[in-house]
Structures are given as structure tokens and as C-alpha cells.
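Per my numbering, residue 27 is the first one in the sequence shown, and the count goes up by one each step. To start, the structure under review is shown below, and the notes come after it.
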Amino acid sequence: MSALNLAQSLIRIKSISPNDAGCFEVIEPELVSLGFKVEKIKELNSETLLAKFGNKGKIFCYLGHTDVVPSGPIEEWSSHPFEANVVNDELIGRGAADMKASVAAFIEALKNFLATCSEPNFQIWMMLASNEEGEPQDGKINTLIESLAANNEIIDYCLVGEASSSSTVGDVLRVGRRGSLSGNLKLIGKQGHVAYPTKVLSPILEVGPIISDLQAVSWDQGNEYFDPTSFQISNIDSGTGATNVVPGHLNMLFNFRFSPESSHESLKERFIQILEKSKCEFEIEWTLNAVPYLTKKTNLLNIIQSALKKIN
Numbered sequence: 027m028s029a030l031n032l033a034q035s036l037i038r039i040k041s042i043s044p045n046d047a048g049c050f051e052v053i054e055p056e057l058v059s060l061g062f063k064v065e066k067i068k069e070l071n072s073e074t075l076l077a078k079f080g081n082k083g084k085i086f087c088y089l090g091h092t093d094v095v096p097s098g099p100i101e102e103w104s105s106h107p108f109e110a111n112v113v114n115d116e117l118i119g120r121g122a123a124d125m126k127a128s129v130a131a132f133i134e135a136l137k138n139f140l141a142t143c144s145e146p147n148f149q150i151w152m153m154l155a156s157n158e159e160g161e162p163q164d165g166k167i168n169t170l171i172e173s174l175a176a177n178n179e180i181i182d183y184c185l186v187g188e189a190s191s192s193s194t195v196g197d198v199l200r201v202g203r204r205g206s207l208s209g210n211l212k213l214i215g216k217q218g219h220v221a222y223p224t225k226v227l228s229p230i231l232e233v234g235p236i237i238s239d240l241q242a243v244s245w246d247q248g249n250e251y252f253d254p255t256s257f258q259i260s261n262i263d264s265g266t267g268a269t270n271v272v273p274g275h276l277n278m279l280f281n282f283r284f285s286p287e288s289s290h291e292s293l294k295e296r297f298i299q300i301l302e303k304s305k306c307e308f309e310i311e312w313t314l315n316a317v318p319y320l321t322k323k324t325n326l327l328n329i330i331q332s333a334l335k336k337i338n
């Protein structure tokens, strides 16, 4: 199957996170035909495909995922998101960029490479998750990584196939990532009738100054590799649905994308300091999704830079 046909086959599968929905069944025979040993590891509501080629030398791993986010309103697409149509030489569909076409392109690269080097002096792995876009409670790839490490199977080099280009393919190479800290804030006020303002404490009114203060904070300045830490709110939910009742609580989902110039501990501390100015009590559930990392100069980095220069 060509890279384009494989990408189209994958895009036509509605693999909304955390469900692979059959993508692995399409990918597995492609890899087996090249000599890979393939296993699928289930965890909670998700699944990971791990394919291995060779058993000697250092381990190079391509890391990716087959799940996608929902398409949103289909009528807003120029072409159906799950039909994988080619329009004006452009492949259109949910997952075309993130990241089913990348998976197909890597498999095509494997075919080309192994045709000329059938016994490389290193191992090639391909690790694909079905829950990259979803929630950690449905399963995390970290569990598999830790299990492999406990068995002394340590990945030496890893290429993450995520979309990173800006204007043209390969014009940006990302050598690190920011940390991600999410939170679920419950702001606790006092419910009551709107006619008696002295007897209520509105979390909706209280959250206004909190948001204003959070927006005004300069969390850090970043550095030569990373943008400054950013704070965003993704959801706010409150109210009873009645026009004459002040709600007793408010929920707010938020996220920090942070540079190495801040730690998750320092961000939590500063966030709480702002909340403590409010009259409301509060509860927070924190989720540390990732810590920042930076890949310094390595052989792999030099090889990738050289390859990108050839196509640009």
C-alpha cells in the first residue's frame, strides 16, 4: 500500500480518542510484511501498538498516535473529514496533519530504508498510542515506557511524528516541549436568591477579579529555546439555569504550558496566592501532564537537520 493510500485508509477510520477503532489492524500487516514483530498492549480504555525490528544495537523509536479529536460540525469542512479526499493535491481529513499521514509516511520510509539496508546495526521500533488526544484516566503510554525500562529496554533515540511545520513541510524541527499543568478549580460561594445580595456569595462575580489577576501575571520570560509560560482557561461552568438564583459554586478548567524557567510547584503556589484574595473557598484538582525537556545536540538531531535541508 502506498503512503497516500495508507494515509487515506487510516483517515477513513473514525478513531476518536481513546479508541483506535481498527487503525492498528490496517497498520500491523504493513509492518509484519517488513519483518517487524508486533504486539498490542491494552491499558484501561486505550491500546498501544509496539512494533520491533532487529534485536541488537541501540534502539531508535518512532512515536505517534492513531487517535483524533472529534471533527466538529461537518458542514464547516471543505471536504468530509472522514472521507480522505484529495482536493487540489491536498489530502483533506481529520488526522491528515495530526497525525495519520505522518504514520503512513514513516512506514513508507521504512520500506525504502529496509529495501537497501535489510540488517541495520540498530533496532527500529514503532510505538503508536490510541489515547494521545484524550484523558490520562483512559490510559497512558507512560505505563508501557516504565514497563520496558524495568525490563532494561531503554529507547536511545526517539522521533515524535507530530505535526511541527509552519509554512512548508520540514521547515521547523522541535527539539523540546513545554511542560503542561492542568487544573480543575471549584470555587465555593453561597447560594441564594438574587433579591438578597447580603445573604449570598456569588462565585461568578468572585471569579472575575481572579481571572483578571491571572491574566496580568508574567509567569516567566522563557529563554532562548522556550516561549514564556502561558496560562489559559478552557471551560467555566456555573449556574442553576434559573434567572433568580445565585449559584453556590463554579468550576473552571485551566492549563499552564510552562517553560523550564518555572516549575509546576511554583505555578501552583502563585495560582493559590491569587485565589486566596477571594472571599470564596476553593478546591483544586491538579494534573501534571508533562514536564519541560530539551534535546541538546545529538547524532540524531544532526541527521534530521541534514535530511530536512535536503527537502527545503
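Where is the CB? At the ideal position from N, CA and C, for every residue including glycine.
Residues bridged to residue i (per DSSP)
i, result
"Val220", "None, per the DSSP bridge assignment."
"Met153", "Leu76 and Leu89"
"Gly165", "Answer by DSSP bridge pairing: none, since Gly165 is not bridged."
"Glu116", "Val113"
"Gly209", "Phe280 and Trp312"
"Leu174", "Leu174 pairs with nothing; no bridge assigned."
"Arg203", "Tyr319"
"Ile214", "His275 and Glu307"
Residue i in three-state terms, based on DSSP
i, result
"Ile259", "strand"
"Gln247", "coil"
"Met27", "coil"
"Glu65", "strand"
"Val95", "coil"
"Leu185", "strand"
"Ser264", "strand"
"Ile236", "helix"
"Leu227", "strand"
"Ile37", "helix"
"Ile100", "helix"
Straight-line Cα distance separating residue j from residue i
i, j, result
"Lys212", "Glu51", "42 Å"
"Glu13", "Gly119", "Here the chain comprises residues numbered 27 to 338, so residue 13 is not present and cannot be evaluated."
"Thr169", "Asn270", "49 Å"
"Trp345", "Ala122", "Look at the range of the chain in this structure, 27 to 338, and you will see that residue 345 is not part of it."
"Gln34", "Ser228", "51 Å"
"Leu327", "Ala268", "58 Å"
"Tyr183", "Arg203", "16 Å"
"Ser304", "Leu276", "13 Å"
"Thr224", "Gln217", "11 Å"
"Thr266", "Val272", "8 Å"
"Gly98", "Pro107", "9 Å"
"Ala141", "Ser128", "20 Å"
"Ile310", "Asn281", "12 Å"
"Ser173", "Lys294", "30 Å"
"Leu136", "Trp245", "43 Å"
"Ile150", "Ile259", "40 Å"
"Phe257", "Lys66", "36 Å"
"Phe139", "Glu179", "24 Å"
"Ile262", "Ile230", "9 Å"
Cβ-based neighbour list, residue i, same chain, cut-off 6 Å, excluding 5 preceding and 5 following
i, result
"Leu301", "Phe308"
"Met153", "Leu76, Cys87 and Leu89"
Nonlocal neighbours in the same chain, by C-beta distance under 7 Å from residue i, ignoring five residues either side
i, result
"Gln331", "Leu199"
"Asp164", "Pro44, Leu70, Asn71, Ser72 and Asn157"
Residue i: CB within 6 Å of a non-hydrogen atom of the ligand FMN
i, result
"Asn270", "Among the components of this structure there are no ligands whatsoever, and the ligand FMN is therefore not found."
Other residues of its chain near residue i: CB distance less than 8 Å, five sequence neighbours each side excluded
i, result
"Ser41", "Ala47, Gly48, Cys49, Thr92, Asp93, Val94, Gly121 and Ser156"
"Ser191", "Asp197 and Val198"
Open item on the list: As an exercise, report each continuous beta strand (DSSP E) stretch of at least 3 residues that is fully enclosed by the segment 272 to 336, in chain order.
Closed with: Listed in chain order, they are 275 to 284 and 307 to 316.
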